[in-house]
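Visitor:
There are 2 protein chains.
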Amino acid sequence: MSSSRATLMQVAERAGVSLASTSRALHGTGASQAMVDRVRAAAAELGYSPDAIGRSLRMKRTFQIAFAVADIGNPVYVEMLTAIHEVLAPHGYRVVVMSTGPTVGTTVDLVRSLGSGFVDGLIVSPLRTDDALVEAIRQAPVPVVVIGRSLEKQGIDSVSTDSAAGLGQAVAHLVEIGRRRIGFVNGPLDTTPGAARQRGFDAATSAPAFAGEHAETERADDFTVTAGLAAARRLLSRTPAAGPFDAVVAANDLLAIGVIRAAGELGLTVPGALAVTGMDDTEIGKVFQPSLTSVSLGSADRGRAAAQLVLDRVGDVVEPAQQIAIGPHLVVRESTTTPRADAVAGPPASKEKSAR
Amino acid sequence: MSSSRATLMQVAERAGVSLASTSRALHGTGASQAMVDRVRAAAAELGYSPDAIGRSLRMKRTFQIAFAVADIGNPVYVEMLTAIHEVLAPHGYRVVVMSTGPTVGTTVDLVRSLGSGFVDGLIVSPLRTDDALVEAIRQAPVPVVVIGRSLEKQGIDSVSTDSAAGLGQAVAHLVEIGRRRIGFVNGPLDTTPGAARQRGFDAATSAPAFAGEHAETERADDFTVTAGLAAARRLLSRTPAAGPFDAVVAANDLLAIGVIRAAGELGLTVPGALAVTGMDDTEIGKVFQPSLTSVSLGSADRGRAAAQLVLDRVGDVVEPAQQIAIGPHLVVRESTTTPRADAVAGPPASKEKSAR
DNA sequence: GTGAAAGCGCTAACAC
DNA sequence: GTGTTAGCGCTTTCAC
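If you read the protein sequences in the order shown, they are chains E and B. Heads up: the first sequence at position 350 corresponds to 350 in UniProt numbering, and the numbers run straight through without jumps. Heads up: the second sequence at position 215 corresponds to 215 in UniProt numbering, and the numbers run straight through without jumps.
(1) May I ask you to list the residues that DSSP assigns as paired with residue 183 of chain E?
(2) Can you list the residues of chain E that residue 51 of chain B reaches, using a CB-CB cut of under 7 Å?
(3) May I have the straight-line CA-CA distance separating residue 323 of chain E from residue 99 of chain B, to the nearest angstrom?
(4) Can you list, in chain order, the residues of its chain whose CB lies under 6 Å from that of residue 201 of chain B, leaving out five sequence neighbours each side?
(5) Taking its Cβ as the centre, do 16 or more other Cβ atoms sit within 10 Å of residue 227 of chain B, making it buried, or is it exposed?
(6) Looking at the structure shown, is residue 310 of chain B part of a helix, part of a strand, or coil, going by DSSP?
(7) With DSSP collapsed to three states, give me the class of residue 21 of chain E.
(8) Please report whether the beta-carbon of residue 357 of chain E lies at a distance below 8 Å from any beta-carbon of chain B.
(9) Given this structure, state the Cα-to-Cα distance separating residue 321 of chain E from residue 107 of chain E, to the nearest angstrom.
(10) Can you tell me the Cα-Cα spacing of residue 172 of chain B and residue 213 of chain B, whole angstroms?
(11) With a 10 Å radius around its C-beta and 16 neighbouring C-beta atoms as the bar for buried, classify residue 125 of chain B as buried or exposed.
(12) Bridge partners for residue 209 of chain E per DSSP, in chain order?
(13) Just the Cα atoms here: how many angstroms apart are residue 221 of chain E and residue 151 of chain E?
(14) Leaving out the 5 sequence neighbours to the left and right, which residues in its chain are closer than 7 Å to residue 211 of chain E when beta-carbon positions are compared?
(15) Distance check for residue 279 of chain B and residue 291 of chain B, CA to CA, integer angstroms please.
(16) What would DSSP say about residue 192 of chain B, mapped onto helix, strand or coil?
(17) Rounded to whole angstroms, how far is the Cβ of residue 110 of chain E from the Cβ of residue 68 of chain E, which I believe are closer than 8 Å?
(18) If you draw a straight line from the C-alpha of residue 256 of chain E to the C-alpha of residue 250 of chain E, how long is it?
(19) Taking buried to mean at least 16 other C-beta atoms within 10 Å of its own C-beta, is residue 75 of chain E buried or exposed?
(20) On the CB-based measure, 16 or more other CB atoms within 10 Å of its CB, does residue 18 of chain B come out buried or exposed?
(21) Verify whether the separation of the beta carbon atoms of residue 35 of chain B and residue 25 of chain B is less than 8 Å.
(22) Please report the straight-line C-alpha distance between residue 20 of chain E and residue 190 of chain E, rounded to a whole angstrom.
(23) So what does DSSP say about residue 238 of chain B, is it helix, strand or coil?
(24) When the cut-off is 8 Å and only beta carbons count, does residue 96 of chain B lie next to chain E?
(25) Going along the chain, which residues of the segment 66-88 of chain B sit with their C-beta nearer than 7 Å to a C-beta in chain E?
(26) Taking CB distances under 8 Å as the criterion, tell me whether residue 57 of chain E reaches chain B.
(27) Is the beta carbon of residue 129 of chain B sitting closer than 8 Å to the one on residue 192 of chain B?
(28) Consult DSSP for residue 127 of chain E and reduce its assignment to one of helix, strand or coil.
(29) Please identify the residue among E/55, E/331, E/230 and E/154 whose C-alpha is closest to the C-alpha of residue 117 of chain B.
(30) In angstroms, rounded to a whole number, what distance separates the CA positions of residue 419 of chain E and residue 169 of chain E?
(31) DSSP three-state label for residue 33 of chain E, please.
(32) Since residue 322 of chain E sits in a beta bridge, which residues does DSSP pair it with?
(33) Check the DSSP bridge columns for residue 279 of chain E and list the partner residues they point to.
(34) Does the separation of the CB atoms of residue 135 of chain E and residue 300 of chain E fall below 8 Å?
(35) Quick check on the burial criterion: 16 or more other C-beta atoms within 10 angstroms. Buried or exposed for residue 334 of chain E?
(36) Measure how close the beta-carbons of residue 258 of chain B and residue 223 of chain B come, nearest whole angstrom, since I'm counting them as under 8 Å.
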């Protein structure tokens, strides 16, 4: 921490030219070479660096974008954040991380707080959505891009994925490898992902292709390992008339890990006695033992797309609301296939295989 | 995105009072109740919300703190970020996430960029440090807190931990459970953590208590699972004259997971044939199978401490540079103890046990 | 190509 | 307790 910073005014005085010329010289907009040299020299001598706040006030742009999620600890959001940062930083934008809290109410508050104009745009991935939130986003004074549910009809930019279809891919894969009695460990139904995935599971297991087999859902309190462990214990303690479960579909990778731990407690081998699939295709799932078959929802892609979208909006591209969809795809790994001892590789993007 | 936002001036006109009174009324500083009511009503009618930029320019405070790390995907940094956010948000501070890049040079650039005054302070955890960086931090126009190496002598606020001692705890634990031939999988030596951990391992294994046993280091290219897997393959393919390795100390949890995967490839059971310890006590280590014995370096605590420190500094607390140390402690889990089938619990903070 | 001046939205002296 | 006014640092008309 040293002496107070130099202002443009001081640079101007030092160079012996006007404030306006100094500004122009530093931006290279319509100034003679002599002027540019002179001003640059003065700026260097003073260690001048332009003040972001003064500039923001004048230009009405902060060069900041907010990214808001319920829980920044969740690996999916971390992947999104990384991707968003990678897209925005080269354009000179900073990323402000915010927390929505678990409820819609606090998310609405957050969107309203955009009124203080500290960012040029917002990327938000709400766990739950209602009319008040939709309305708040519509009224927001800066562009908002939603990652999650498609909100195109509501006139809101959104980046979505078809997690219901993704769940279908997981079920189809399990049926294909001969599993017949499939349990589903889902998270809370009142969340956007929870609801979509339940729809996907119900649709997949009531399709003709699934006839004659057994399907059953158990709901975890949260999308975490701990909640998944508890839910799986409940699920696996029941034995359907059709026979014991031979597969479990989990609504995300963390729940899937909980399921595998529960299987271990009960002496069930994975995938031998119980095949398990996750969703989100996280790093942790790739390195877990057994590595996790998982439905990729393209977290990084969704982050990138959202960042690009908000960048377009901030750049005054006035178009109707856009909806970008990232297709889910299944990545098959050890938790649904017999592992070969020598095939235990590191985090491989190579073993991918698209299903359906 | 709707109509342009209302300004304080407009609220003043609407209320039929002066600009200053409006400001005062809204802040509750020396205004009559009647004035407050009147102004509040006008503000509400206009949906006024104060402009953060105008206020920042005037107050010379942005209410933003930057958090900069090389790789925001690393679970340790995510934990720090969460803790930092939790401390700062209640004080009205936003968190700006920045990337230092892997080299010292880009970190120096980042510190210099503080000159544009977009944040009131910085928390940075550099992987590598040199004189130029120390000097840049000293010259920085806003308070900077370093998480990592102690920089008290250089007059810089820092939050550190004794990872060398932590490594000693891991080695002591392995010796205690009867392991005699211990390998060490470290990350790059030219990083601050890499160097410290190597020092710790060398010290622990050259202490009298370790006499007559075998110690050997293998260096991974990076602190990742993939690099750990490759390094462990190299290490375990060698058989010391004293006999095969019966334990591996890894410099962090990600490396440790790579080690366990390598052990699996070679048919070595963990912890039966090979006991493995990690460091950082991450979430992923807790849920891994086998769950990871790990040296906690108090990531969340360090984040909290750094946030508190930067908060004190921006609050004009002028004191000599502070150095806060968070003590490491060993958390024993399955990877160094025989697991009981029914003891495979969820992420437990309960099974902790301090060593030494 | 250069300079003078206005003004972005806000807070804090300073008078009354 | 209230109003008037200056000014934070910058960009951008507008005249010349």
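Using N, Cα and C, we set each Cβ at its ideal position, and we do this for glycine too.
Guide: Well, looking at it:
(1) E/216 and E/248
(2) 116 and 117
(3) Distance between the alpha carbons of residue 323 of chain E and residue 99 of chain B: 29 Å.
(4) 167 and 184
(5) So residue 227 of chain B ends up on the buried side.
(6) The answer is helix: DSSP assigns residue 310 of chain B an H, G or I state.
(7) helix
(8) Nothing about residue 357 of chain E can be reported from this structure: the residues present for chain E run from 1 to 356 only.
(9) 21 Å
(10) 12 Å
(11) buried
(12) In DSSP, residue 209 of chain E forms no bridge with anything.
(13) As the crow flies, the alpha-carbon of residue 221 of chain E is around 26 Å from that of residue 151 of chain E.
(14) Excluding positions up to five away in sequence, the list is empty.
(15) 13 Å
(16) helix
(17) 6 Å
(18) 5 Å
(19) Residue 75 of chain E is buried by the Cβ-count criterion.
(20) exposed
(21) yes
(22) 57 Å
(23) coil
(24) yes
(25) 72, 73, 78, 81, 82 and 85
(26) yes
(27) Using a Cβ distance threshold of 8 Å, residue 129 of chain B and residue 192 of chain B count as a contacting pair.
(28) coil
(29) E/55
(30) Outside the modelled stretch of chain E, which goes from 1 to 356, sits residue 419 of chain E, for which no answer is possible.
(31) helix
(32) DSSP lists no partner for residue 322 of chain E.
(33) Per DSSP, E/295.
(34) Judged by beta-carbon spacing, residue 300 of chain E lies beyond the 8 Å limit of residue 135 of chain E, meaning their Cβ atoms are not closer than that value.
(35) Buried is the call here.
(36) That belief does not hold up - the Cβ atoms of residue 258 of chain B and residue 223 of chain B are roughly 10 Å apart, past 8 Å.
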